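Read the structure below first, then the notes.
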Amino acid sequence: MKLFFFSWLAFGALFCRSTMAADTFQTLDNLPKPTDTSSAERPSETPEERARRIRMRGFGELGSLTVQFPLDRETWIKTPPLTSRGLRGKGVVLYFFEESCPDCNKLWPSLLATSKKFADQPVIFIAVNSGNTKQSLQEYLNSVHCDWPAICDSDRSFEKLCGVSEINLKNNMQLRVVLADGSIENSGLIDLAAAATRAISGTIPAAWRIDPQDIPFELKAAWRAIECGHPSSGLAAIKKASKSSSETVSNAARSLLKAVEADIALEMKEASRLQNEHKRWPAWLAFDRMLLQYKGFEIPDEADNLKRSLALDPDVKLALASIKAFETAAKAAEKKNTPAVLKKLRDTIEIVLEKAPGSDAAARAETIFKHLDDQ
0 MKLFFFSWLA
10 FGALFCRSTM
20 AADTFQTLDN
30 LPKPTDTSSA
40 ERPSETPEER
50 ARRIRMRGFG
60 ELGSLTVQFP
70 LDRETWIKTP
80 PLTSRGLRGK
90 GVVLYFFEES
100 CPDCNKLWPS
110 LLATSKKFAD
120 QPVIFIAVNS
130 GNTKQSLQEY
140 LNSVHCDWPA
150 ICDSDRSFEK
160 LCGVSEINLK
170 NNMQLRVVLA
180 DGSIENSGLI
190 DLAAAATRAI
200 SGTIPAAWRI
210 DPQDIPFELK
220 AAWRAIECGH
230 PSSGLAAIKK
240 ASKSSSETVS
250 NAARSLLKAV
260 EADIALEMKE
270 ASRLQNEHKR
280 WPAWLAFDRM
290 LLQYKGFEIP
300 DEADNLKRSL
310 ALDPDVKLAL
320 ASIKAFETAA
330 KAAEKKNTPA
340 VLKKLRDTIE
350 IVLEKAPGSD
360 AAARAETIFK
370 HLDDQ
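When we follow numbering that gives the first Met the number 0, the leftmost residue of the sequence shown carries the number 0, and every step to the right adds one.
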């Protein structure tokens, strides 16, 4: 249990990116509490804006995904880290498997063939293997020609988080389905097609943000990067394709760029709305995420200016201070497992959950909190 718990402490770097100095844990409660503006009304929006906003759900009253994917880059194979926020609005099929099982090995051609039938459908297939090193899993996936994103769950923490009993030769494979609304389900029998169909057809149907039908091969990777929430990794390909002599390719590049610009405009509008409604911490968080997610694309200068201005607000100072306190306590707990250190960690977890909701730190804190009793 200790290995499992402390793996969560080192699950990934926290993203406290403010340049201002945060107060220490002892001074947190001296700062003003956030203002409650939950009753503020949303400004009018067009049906098209509303549809896009719902597909891009990820903040405020629209909620957030309930599955917290690993943040650590070293956990992922064949992709940059995929996040709950990045996969919003799409279905996800998680395939947990035992690599030493002969029956599992024989299934791969069929599984990969099935996934290709859903290539244009808004569903992402992710392989999850527990208890092995990244290198051995990488070699295994290459040997079975698996091109899915994969999670190397070396300490079985993600396995447990998803409610999967330990994968071994007696329990050699399981499927979990993450719906577009973020809820996770046990799909029962190992039927990949049925699981994918279920992932697509939840209460909120899964949908691509950009129709893949008109995307040429040269831009498929960039398109998928945009869909999976890390558009900056596709920017170089988009710029190159925009200068292509092929009209089909250059037009597709411009379409992708226009789609990203529309996403940026929507995120800007949402962040500004939060600020105008005096939801200062959610607004700061929205500007911060937008600036990171769309780095390299044209983002209005106003976004950075407003983020800097919000960083001076007492509510935001309070949230950032709580994140810093939690980060310090988590690092201390990695080095020294004593009752006093764990109590301090628990205290900072409770504060960051209350004062910095929606942040990566809060998501990580919630995960650690669930496993503190395992000590």
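We put the beta carbon where it would ideally sit given N, CA and C, even for glycine. For clarity, every value in this text was computed on a predicted model and none was experimentally measured.
What residue from 214, 295, 353 has the CA that sits closest to residue 319's CA? Closest by alpha carbon: 353.
Does residue 175 come out as helix, strand or coil in the three-state DSSP assignment? strand
Classify residue 301 as buried or exposed, calling it buried when 16 or more other Cβ atoms lie within 10 Å of its own Cβ. exposed
Can you tell which of 72, 98, 155, 174 has its C-alpha closest to the C-alpha of residue 124? 174
With a CB to CB cut of under 6 Å and the five nearest residues on each side skipped, what residues in its chain are close to residue 37? Per-residue confidence for residue 37 stands at a pLDDT of 37, beneath the threshold of 50, marking its modelled position as unreliable; the derived number appears in the next sentence. Hits under 6 Å: none found.
Beta-carbon gap between residue 207 and residue 184 smaller than 8 Å: no
Contact between the region 152-171 and the region 75-82 (3+ Cβ pairs under 8 Å): Two segments are said to touch when three or more pairs of C-beta atoms, one from each, lie closer than 8 Å; by this definition the region 152-171 does not touch the region 75-82.
Return the chain-ordered list of same chain residues with a C-beta closer than 8 Å to the C-beta of residue 289, the five sequence neighbours on each side being excluded. 263, 266, 267, 270, 298, 302
Restricting to Cα atoms, I'd like to know which of 294, 179, 127, 195 is closest to residue 165. 127
Could you please give me the residues that DSSP links to residue 185 through a beta bridge? 175
For residue 136 and residue 151, which I take to be in contact (beta-carbon distance under 8 Å), what is that distance rounded to the nearest angstrom? That pair is a contact at about 5 Å.
In whole angstroms, what separates the C-alpha of residue 21 from that of residue 209? At residue 21 the pLDDT is 35, less than 50, meaning the model places this residue with poor confidence; the figure from the coordinates comes in the next sentence. Cα to Cα, the separation comes out at about 40 Å.
Pick from 220, 224, 122 that is closest to residue 181, judged by C-alpha positions: 122
Comparing alpha-carbon positions, which option in 212, 359, 236 lies nearest residue 220? 236
So residue 151 is in the beta strand (DSSP E); what residue range does that whole segment cover? 149-152
Paired residues, beta bridge with residue 340 - DSSP: Its beta-bridge partners do not exist; DSSP assigns none.
Along the chain, where does the beta strand (DSSP E) that runs through residue 318 open and close? No beta strand (DSSP E) holds residue 318; the alpha helix (DSSP H) holding it covers 313-334.
Given that a residue counts as buried once 16 or more other Cβ atoms are within 10 Å of its Cβ, and exposed if not, what is residue 294? exposed
Name the two residues that bound the continuous beta strand (DSSP E) containing residue 129. 122-129
Spatial distance of residue 364 from residue 346 (CA atoms): 11 Å
Could you name the residues that DSSP lists as bridge partners for residue 75? 150
For residue 201, does the three-state DSSP call read helix, strand or coil? coil
Could you tell me the boundaries of the alpha helix (DSSP H) in which residue 248 lies? Residues 246-275.
State the CB to CB distance for the pair residue 205 and residue 90, rounded to an integer number of angstroms; the pair is presumed to be in contact (CB under 8 Å). 4 Å
Using a Cβ-Cβ cutoff of less than 8 Å, which residues in the same chain neighbour residue 247 once the five nearest sequence positions on both sides are dropped? These residues qualify, in order along the chain: 215.
Does DSSP put residue 163 in a helix, in a strand, or in coil? Three-state DSSP puts residue 163 in coil, outside helix and strand.
Evaluate the contact criterion for the region 302-311 versus the region 329-341: three or more CB pairs, one atom per stretch, below 8 Å. no
Does residue 138 pass the burial test, meaning 16 or more other C-beta atoms within 10 Å, or should it be called exposed? Classification of residue 138: exposed, given that the 10 Å Cβ count is below 16.
Compute the Euclidean distance between the alpha carbons of residue 238 and residue 252, then round it to the nearest angstrom. 7 Å
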